[in-house]
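So the sequence shown is numbered by the working numbering: it starts at 495 and just counts up by one.
Note that beta-carbon positions come from the ideal geometry of N, C-alpha and C, so glycine has one too.
Since the structure is predicted, the reported quantities are computational estimates derived from the model, not experimental observations.
Reviewing the structure listed below.
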Amino acid sequence: MALVEKYAEQIQKTFAKYPDKRSAVMPMLHLAQQEYGWVSPESIQEVADICEMDPTQVKSIAGFYTMYSENPKGKYWLQVCTDLACALCGADQYYEDLKKELGVGDGGTTEDGVFTVEHVMCLAACDKAPMMQCNFHFVEKLDMEKTRELLAQWRAEAAQQA
Ligand code: FES
Numbered sequence: 495m496a497l498v499e500k501y502a503e504q505i506q507k508t509f510a511k512y513p514d515k516r517s518a519v520m521p522m523l524h525l526a527q528q529e530y531g532w533v534s535p536e537s538i539q540e541v542a543d544i545c546e547m548d549p550t551q552v553k554s555i556a557g558f559y560t561m562y563s564e565n566p567k568g569k570y571w572l573q574v575c576t577d578l579a580c581a582l583c584g585a586d587q588y589y590e591d592l593k594k595e596l597g598v599g600d601g602g603t604t605e606d607g608v609f610t611v612e613h614v615m616c617l618a619a620c621d622k623a624p625m626m627q628c629n630f631h632f633v634e635k636l637d638m639e640k641t642r643e644l645l646a647q648w649r650a651e652a653a654q655q656a
């Protein structure tokens, strides 16, 4: 179902916060990202139609911000910080272990489409390293034991939603 139908009420509420429809382009891109797991060319067109904009303008905005992905992602997008403070707390080894656990390389998606992993720069939770964000929610003070529990929990959630 198209965003404009499925989220009609939410879209109207969002428009009410802005002076015109095009000003709501970023929340609409977030909506597309949340719904589809990435901002596909089709969803760029959807957002352009919703915001009454040229798709090229919408694409340029989506391409500028790293929180919008223009490539398909797993249901759970795991972004592990490997920047300095986290690296000093073992983030590099943690990231290697996580990739090994999931059987993927950097930026890879598991065969079942549940997880995508990638490393990112500082997420401003340096005092809680090693850390990652999962679909933009912070998960902190990680080790592999805790991570295996989380992966099992997320896998179970994904199976329930399938
Ligand atoms: S260096 Fe990892 S959160 Fe800042």
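- Between Trp571 and Thr610, the C-beta gap is smaller than 7 Å, which places the two residues in contact.
- Closer than 6 Å to some heavy atom of the ligand FES: that does not describe the Cβ of Asp621.
- Set against 6 Å, the gap from the CB of Cys616 to the closest heavy atom of the ligand FES is smaller.
- Per DSSP, Cys628 is one residue of the beta strand (DSSP E) stretching across Met626 to Cys628.
- Counting the other Cβ atoms within 10 Å of the Cβ of Pro624 gives 16 or more, which makes it buried.
- The alpha-carbon separation between Phe509 and Ile544 amounts to approximately 10 Å.
- The criterion of a C-beta distance shorter than 7 Å is not satisfied by Lys511 and Glu546.
- Taking a cut-off of 8 Å on C-beta distances, the region 525-534 touches the region 553-568, as three or more cross pairs fall below it.
- Nearest in C-alpha terms to Ser554, of all of Leu523, Cys580 and Gln504, is Leu523.
- Judged by the Cβ position, Cys628 fails to qualify as a neighbour of the ligand FES at the 6 Å threshold, every heavy atom of the ligand being at least this far.
- Between Tyr589 and His613, the C-beta gap is smaller than 7 Å, which places the two residues in contact.
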